[in-house]
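In my numbering, the protein residues as written are 24 to 295.
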Ligand SMILES: Nc1ncnc2c1ncn2[C@@H]1O[C@H](COP(=O)(O)OP(=O)(O)OP(=O)(O)O)[C@@H](O)[C@H]1O
Ligand SMILES: [Mg+2]
């Protein structure tokens, strides 16, 4: 199987995306938003994911925890099609994304992703950071993109920062711009990879509050985080990963209060 071009440059306009629409590209509303079956990923001879199975229902907030290097980011990047699995299957809304005939660009537009580093364009205003992909990827008009960007920036509490540049914002504000940018693309699900890890402690809360709001509105979310309070209060499921495998999962309150696997217990004893 040839690997698809996964560079941002391969993203094309909505009309080109839609012109390639086939039945196999149509999301099934009854299918789980994310389903991972026997997912393996190796880099050279280093096997990083060793057969993961995960099925996430609509509206779930799945928090992923585990030691550094255990494969959390690789799992998220595989779900977001930034990594190509070595073996196994990934289904997004019922679509087998490893099917070489599937329109990956189209699938990818339904998945929002927020990273530890905000990756904003430093030379553009906040507003422009939130409109540019809408115009270039979804081919929205400038007016429509502007209207949606303002609404999303209002939602994350930054309506008074439209004309600021990223360097004039705090880390928490920059991360909220990144979330608004993602939401402006109308994703069906959002993946967060340690969205608050780069923030000063006093700025963590404002980002978690935005994420909590999204969860309450029913967004399907997968969140790699060290914020156990968030996992306990907002998470519908907690997944513990170690050495490329899911060792334990369940209700976050139960897993945090009474971890079953010795490795989960050891990990939590260090972070709680
Ligand atoms: N592109 C790559 N090439 C080679 N090895 C990689 C690559 N990406 C990740 N790895 C390796 O895969 C393993 C898992 O990495 P991953 O980033 O998924 O871990 P993580 O659980 O997210 O860790 P952290 O908590 O530090 O972010 C690590 O040993 C890492 O060095
Ligand atoms: Mg990581």
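Every residue, glycine too, gets a C-beta built ideally from N, C-alpha and C.
Distance from the C-beta of residue 217 to the nearest heavy atom of ligand 2 is below 7 angstroms. A direct Cα-to-Cα measurement between residue 227 and residue 235 gives close to 12 angstroms. In this structure, DSSP gives residue 101 a helical state, which the three-state scheme calls helix.
Taking non-hydrogen atoms of ligand 2 into account, the C-beta of residue 95 is found less than 7 angstroms away from one of them. Beta-bridge annotation (DSSP): residue 138 is not paired with any residue. For the set 63, 65 and 83, the Cα lying nearest the Cα of residue 238 is the one of 83. For residue 293, there is no enclosing beta strand (DSSP E); the enclosing alpha helix (DSSP H) has its first and last residue at 285 to 294.
Per DSSP, the beta bridge partners of residue 273 are 261. When the Cα atoms are used, residue 148 and residue 162 turn out to be separated by approximately 20 angstroms. Rounded to whole angstroms, the Cβ separation of residue 222 and residue 195 is 6 angstroms, and the two are in contact under 8 angstroms. Exclusion of the five residues before and after residue 81 leaves 55, 56, 241 and 243 as the residues of its chain whose Cβ lies within less than 8 angstroms of its Cβ. In this structure, residue 86 sits near residue 275, with a CB-CB distance shorter than 8 angstroms.
Pairing residue 152 with residue 230 gives a Cβ-Cβ distance that is not under 8 angstroms. Rounded to the nearest angstrom, the Cβ distance from residue 79 to residue 245 is 7 angstroms, consistent with a contact under 8 angstroms.
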